[in-house]
Amino acid sequence: MQWSASPHVISVRVIIIALLWTLELSVVPYVMLKNPREYNKTCVMILMDEMENIKVSSMDEANYDGFDWLLENAPYVEVDPEKIKIIETPAEFYEKLLCLIRVAKERIVISTLYLGSGSYEEALVNELKRALEMNSNLKMNILLDCLRCTRGGIENSSVLLLKRLLPRASMYLFHTPSLRGLKKMVLPEKVNEVIGLQHMKLLLFDNHIILTGANLSSIYFTNRVDRYILIENCPQLADFVDSLVESVGSCSFMLNMRGTISLAKRCDIHPFKGSLEAYKNMLYSRVISTLNAFSKESGSRSSFVAGTRIYPLLQMGIVSINQEFEFLKNLLTMKNHELSLTLSSGYFNFTDCYTDLVANQNSLEMDIVFGSPQANGFYQASGLFGFIPLMYVYISHLFYKIIGRNIRLFEYNKPGWSYHAKGLWIDSKQSSLSATMIGSSNFGYRSVHRDLEAQFFIITDNEKLKVSLQEERLRILNCATKVDATVFLRRDHFVPLWIHMVLLQGLVFGRVLMEAMARNGAAPAATNVHLFHRNRTQRRGMMHHGFKHTTNPYESSELLQRLERCSARHLSSRTTALSSSKSLKELLKDEVWIPVYRFRGIHYSAVAAKMKLALTVSSIALIPYKCWQYLDDAVSINHLASISAFASFTTLAFIFFCRFFSGLIGVISMNETNEYIRIGYLSFWGSRLNKYMKLEDVIPLNESSTGINSKIVRFRQYSSNEVLNLSLFNAELLDQERATILFGDTSIFSSSVKKVE
1 MQWSASPHVI SVRVIIIALL WTLELSVVPY VMLKNPREYN KTCVMILMDE MENIKVSSMD
61 EANYDGFDWL LENAPYVEVD PEKIKIIETP AEFYEKLLCL IRVAKERIVI STLYLGSGSY
121 EEALVNELKR ALEMNSNLKM NILLDCLRCT RGGIENSSVL LLKRLLPRAS MYLFHTPSLR
181 GLKKMVLPEK VNEVIGLQHM KLLLFDNHII LTGANLSSIY FTNRVDRYIL IENCPQLADF
241 VDSLVESVGS CSFMLNMRGT ISLAKRCDIH PFKGSLEAYK NMLYSRVIST LNAFSKESGS
301 RSSFVAGTRI YPLLQMGIVS INQEFEFLKN LLTMKNHELS LTLSSGYFNF TDCYTDLVAN
361 QNSLEMDIVF GSPQANGFYQ ASGLFGFIPL MYVYISHLFY KIIGRNIRLF EYNKPGWSYH
421 AKGLWIDSKQ SSLSATMIGS SNFGYRSVHR DLEAQFFIIT DNEKLKVSLQ EERLRILNCA
481 TKVDATVFLR RDHFVPLWIH MVLLQGLVFG RVLMEAMARN GAAPAATNVH LFHRNRTQRR
541 GMMHHGFKHT TNPYESSELL QRLERCSARH LSSRTTALSS SKSLKELLKD EVWIPVYRFR
601 GIHYSAVAAK MKLALTVSSI ALIPYKCWQY LDDAVSINHL ASISAFASFT TLAFIFFCRF
661 FSGLIGVISM NETNEYIRIG YLSFWGSRLN KYMKLEDVIP LNESSTGINS KIVRFRQYSS
721 NEVLNLSLFN AELLDQERAT ILFGDTSIFS SSVKKVE
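For the sequence shown, UniProt numbering gives the first residue as 1, with consecutive numbering after it.
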């Protein structure tokens, strides 16, 4: 899609894109899925019907003590555990791909989001072409996502690499039926992918299958952490994967020799031009036929020899196939203190339902691993995409506030590497079993409701395989850091104000994570804080007598005293801080306040804030009047578009200005005993507000994360997440001795600061 339109059209597009993007990156409140169809309901409920019964049982001839929720009657395949290999590194994954391509004689089936266009990918395609030339009977099917693979047009995309394999290979490009009409016309490339994708990652070579979450791109072959499990010589599972890819491919576009795309031969309904309901019914019937066939081939449940089983779990919310969702929903509601879970996702953005279940889970021990901002695939990306890692930081911070002691968060951060591993590991203290789930899902809203996902649940009692799974999990955790309250104070975790404005509750499109937390996450839980900072020397009350009282504010007793024996994990830190400040105001109403710090430009800032607010409100209020004039033919469409664009610009500028003016400190005073401070700061409306706090609750400036720039820093307290802005320039230190007590090293202020003795 080319962006060659008039300015007012571009502004409208930008607004629509921003709103849709906000809905995608925010966690949309959970809307109950449609009732799964006959197969899906029966299959999943049979899988989970034993999950609540805590008893020792056996499954067929093997002892499955402790895993009574085992998926006993669902379709599965028995696998020799010696045939399951854990691939450890991206380089090993790439070499294994090339090796399996070279030895394939009968079929090669590949399903992935996209194929890259670099040297690694070119070598891979050359091997595929060589395999076709050497084996005349070799069948090759490749399924990709149409939107992702045709960015910039087919002639400029990686699809041209795959054209070399035609006509011997079948090249399927799945287009989500949800992107149609106005959305398809308006949304540009990259952004339109939020509507839905073909996201399954399946690699089949004869009867060998690689289960993974990785795409076929150079970064996944070099320095992006992912998971890969090789299943050797498993015809039954291989036939299922082959049939599944063929089922989805038959409802897709196909690449032809001319380098263009057309509907597959069996695709009777156009994905985005035909009837939406008819297309979904077609896709559903073909996928469900594959599942039914696999169920019949699973054979008798009366014998169990191998000690290892694999259960495919599909998640295709657009056609109401919700096996993975039902499985996880039941798993996360289990009451079993013997189980421990480790869940991993490259992008921390759980659905509202998963968030509620985890927050209310108090039985299972659970570790959740996700990428740090530096390990995020969008880290240092250009434009707005570069802020995506901080949006995930914001979501993880909200989530951190509501979890209990049994839930631990970990950020993966290996220098030079990004993080994309997803799935879960399950261990039991008393059972001989271990389990893992591997596949393409990120457990987010898009994975549940919009994308095509395939997961595989593997359960085993084989000691060697259990050790391999444990080592795989530890390789990830060894490069991860436990998340505590201090992590979100670091510079690389500072979330700009406009992200708060986009994601916070109460905005027009603010149906986000916080609402779910307020409804379901009110139970208190202790916060585990580990800090390694210097002791803070404070001089209270007896300053003039030369007495110094040294306290470590990070000791547990000090933390609990500051928090008044309550948990620091509260759902609305601003409300809590405001309530505390009001109570202190009543307590300190008769105190004598001594000015310590003053910002000389606060009056100009107040005037500017009020003017900007008035300009924004007036420009937005003008839009309905101009719309009425346009409908009455009093103004042109260009005039209306110009007013709308100006209103949008002033709104964005107002959000930007809020970073500087809202919360800007004008004066800080200290009481005579040096125990409390009063902060006068600029409100959202440009008026003055006062905030009261204990001196010992103030985080020293050199221990807090940096602020907007080198001249304006963040002023924080330990017991609240509320942030104020402190100017280091054009400021006065009215009481040098008390300023040292308050700020620590006053040399961080600019040399032009006026120090009044």
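From the three backbone atoms N, C-alpha and C, an ideal C-beta is built for every residue, glycine too.
So, L314 versus I321, is the Cβ gap smaller than 8 Å? yes
Tell me whether M200 sits in a helix, a strand or coil according to DSSP, three-state version. coil
Alpha carbon to alpha carbon, what distance is there between S382 and K96? 33 Å
Once DSSP output is grouped into helix, strand and coil, what is the label at W685? coil
Inter-residue spacing [alpha-carbon to alpha-carbon] between S662 and P75: Their backbone Cα atoms lie some 58 Å apart in a straight line.
Determine, using beta-carbon pairs with one atom in the segment 195-207 and one in the segment 387-402, whether at least three such pairs fall under 8 Å. no
G439 and A454 look like a contact to me (Cβ under 8 Å); what is the Cβ gap, rounded to whole Å? Contact flag correct, Cβ pair sits at about 5 Å.
Rounded to the nearest angstrom, what separates A480 and N223 at their Cα positions? 16 Å
In whole angstroms, what separates the C-alpha of S218 from that of I388? 22 Å
Just mark V483 as buried or exposed, buried being the case when its beta carbon has 16 or more other beta carbons within 10 Å. buried
Just to confirm, are N115 and L165 a CB contact at a threshold of 8 Å? Correcting the residue type first, residue 115 is Leu in the shown sequence and not Asn. Using a Cβ distance threshold of 8 Å, L115 and L165 do not count as a contacting pair.
Run through the segment 64-139 for me and flag every whole alpha helix (DSSP H) of 4 or more residues, listed as ranges in chain order. 90-103, 119-134
So, I209 versus C234, is the Cβ gap smaller than 8 Å? yes
Sequence-distant residues of its chain with Cβ nearer than 6 Å to L98 (five each side left out): E127
Considering only their Cβ atoms, is the gap separating P177 from M257 smaller than 8 Å? no
Whole alpha helix (DSSP H) elements within the segment 308-393, 4-residue minimum: 323-331, 352-359
Give the list of continuous alpha helix (DSSP H) stretches no shorter than 4 residues that lie fully inside the segment 454-505. 463-477, 497-503
Beta strand (DSSP E) containing V723: first to last residue? 720-727
Can you look up R164 in the DSSP assignment and give me helix, strand or coil? helix
If you compare alpha carbons, which of L230, I231, S648 is closest to I623? If you compare the alpha carbons of L230, I231, S648 with that of I623, the shortest gap goes to S648.
Quick check: what's the CA-CA separation for E24 versus I368? Low confidence applies here, because E24 scores a pLDDT of 42, under 50, leaving its location unreliable and the question unanswered by this model.
Have a look at A104, E246, N135 and flag the residue whose alpha-carbon is nearest the alpha-carbon of L173. Answer by Cα proximity: E246.
Top-ranked residue by Cα proximity to S298, from V109, V77, L398, Y279: Looking at the Cα atoms, V77 is the closest of the given residues.
Helix, strand or coil for V617, going by three-state DSSP, please let me know. helix
Taking L409 as part of the alpha helix (DSSP H), name the residues at either end of that continuous run. Where L409 is concerned, there is no enclosing alpha helix (DSSP H), although the beta strand (DSSP E) around it starts and stops at 407-412.
Alpha carbon to alpha carbon, how far is L202 from A131? Give it in angstroms, no decimals. 19 Å
Between which residues of its own chain and K335 is the CB-CB distance below 6 Å, once the five residues before and five after are set aside? S363
Does the segment 257-274 come into contact with the segment 103-115, if we say contact requires no fewer than three beta-carbon pairs (one atom in each stretch) closer than 8 Å? no
For L742, collect the residues of the same chain with a Cβ closer than 8 Å to its Cβ; drop the 5 residues on either side in sequence, then sort them by chain order. V596, Y597, I668, M670, I677, L695, V698
For G601, collect the residues of the same chain with a Cβ closer than 8 Å to its Cβ; drop the 5 residues on either side in sequence, then sort them by chain order. S727, N730
Can you tell me whether DSSP reads F743 as helix, strand or coil? helix
If I measure Cβ to Cβ from L588 and keep anything under 8 Å in the same chain, skipping five residues before and after, which residues do I get? N671, Y676, R678, Y692
Measure the alpha-carbon distance for E133 versus V109 and round it to whole angstroms. 16 Å
Backbone secondary structure at T212 - three-state DSSP: Secondary structure at T212: strand, using DSSP grouped into helix, strand and coil.
Measure the beta-carbon distance from A606 to G686 and round it to whole angstroms, keeping in mind my assumption that it falls under 8 Å. 5 Å
Proximity to V319 [Cα-Cα], best of E277, N376, Q430: E277
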